[in-house]
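Residue numbers (our numbering), protein chains in the order written: chain A, 432 to 578; chain B, 25 to 192.
Glycine residues also receive a C-beta, built at the ideal position from the N, C-alpha and C atoms.
Owing to the predicted nature of the structure, the values given are computational and were not obtained by experimental measurement.
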């Protein structure tokens, strides 16, 4: 398991809000089973910090947007799940990463440990264009510090 | 009516208005309010008023019956003042309502070294002496009436107006 820095939705959305309008692509690795809570955290933080809802979808949605990413005018952040292994999709991501980068979006790719390891090997162009790979932890409302 | 009765009647009238304010001021779900307060405090750090703020600056206690509490153990201002607070909310049919709070602001380098703003759980027997929402200056036992305002506005008021100005 690779040793990536950790982050929470609160800190990540703050970081994106401070770097408003600058393109960014993060690969966010979560523990198996944490996807719903991580997505809920990202959504809640976007609503509180940015005042808008976050589009959350699957990376396969990119196939239906050949002309470019559809972005919310008010909020350039978009969350894309990579929740199963598909060589075709990974190839698409690796081939079109420059187009994604030019979209002026702040893209958050959500995936698991196992899938991230496969992805980072199979998609070198994608890997080289990532702003950062981070391990995202669920928020801890009761005050237990994130690990 | 005696002079004392007249004063007591006025105090009860003020308390009834306060109760009406509390009963009609619906707050966000405590989990959401925690995120909002955390964001507000982070903004205060961005503005350079707080030394720093982080994920765990406001904590949410597990629910007990229909109540939940938000606590901020401490935030430190750049001036070395310190703020801690506790807010207890109660879920009722119409939504989440304020039940009680305590905001304590310590100002070690000022002539007035502390201010405490409290909302008690209920009105005391003598509302002339102890209004449900009141503040204390320093370690004074005098209970000075304070308007009931929502937690986010209270944090804003303390950070932007009370702390920068009090006891200079």
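In the structure shown, residue 495/A adopts helical secondary structure according to DSSP, grouped into three states. With respect to the C-alpha of residue 486/A, the residue from 454/A, 537/A and 563/A having the closest C-alpha is 537/A. Taking 8 Å as the threshold, the shortest C-beta distance from residue 89/B to chain A does not fall below it. It is roughly 29 Å from the alpha-carbon of residue 125/B to the alpha-carbon of residue 468/A. At a beta-carbon threshold of 8 Å, none of the residues of chain B lie near residue 435/A; the nearest stands roughly 18 Å away. Per DSSP, reduced to three states, the secondary structure at residue 488/A is strand. Within chain B, 56, 59, 60, 62 and 63 have C-beta atoms less than 9 Å from the C-beta of residue 479/A, given in sequence order. With fewer than 16 other CB atoms across the displayed protein chains lying within 10 angstroms of its CB, residue 515/A is exposed. Against chain A, the CB of residue 66/B has a partner CB under 8 Å away; the residue lies at that interface.
At least one CB of chain A lies nearer than 8 Å to the CB of residue 79/B. When 7 Å is used as the limit between beta carbons, residue 445/A is near these residues of chain B: 66, in chain order. Residue environment: residue 444/A is assigned as buried (16 or more neighbouring CB atoms within 10 Å of its CB, all protein chains considered).
Secondary structure at residue 59/B: helix, using DSSP grouped into helix, strand and coil. The beta carbon of residue 182/B lies closer than 7 Å to those of 107, 127 and 129 in the same chain, with the five residues before and after it left out.
Pairing residue 191/B with residue 185/B, the inter-Cα distance amounts to about 12 Å.
The count of Cβ pairs closer than 8 Å, one atom from the stretch 27 to 35 of chain B and one from the stretch 470 to 480 of chain A, stays below three, leaving the stretches out of contact. Put simply, the backbone Cα of residue 91/B is about 28 Å away from that of residue 100/B. Taking the Cα positions, residue 162/B is about 30 Å away from residue 47/B. Proximity of chain A to residue 83/B at the Cβ level (cut-off 8 Å) is accounted for by 572, 573 and 574, in chain order. The C-alpha of residue 169/B lies about 18 Å from the C-alpha of residue 179/B.
Here the stretch 550 to 559 of chain A does not lie against the stretch 109 to 120 of chain B, with fewer than 3 beta-carbon pairs under 8 Å apart. In terms of beta-carbon proximity, residue 494/A stays away from the interface with chain B, with every pair separated by 8 Å or more. Taking every protein chain shown into account, the CB of residue 36/B has fewer than 16 other CB atoms within 10 angstroms, so this residue is exposed. In the three-state reduction of the DSSP assignment, residue 552/A falls in the helix class, which pools H, G and I. Residue 54/B has its alpha-carbon roughly 32 Å from the corresponding atom of residue 455/A. Straight across, the Cα-Cα distance linking residue 521/A with residue 436/A is about 24 Å. Rounded to the nearest whole angstrom, the C-alpha separation of residue 81/B and residue 155/B is 30 Å. Per DSSP, residue 66/B has no beta-bridge partner at all.
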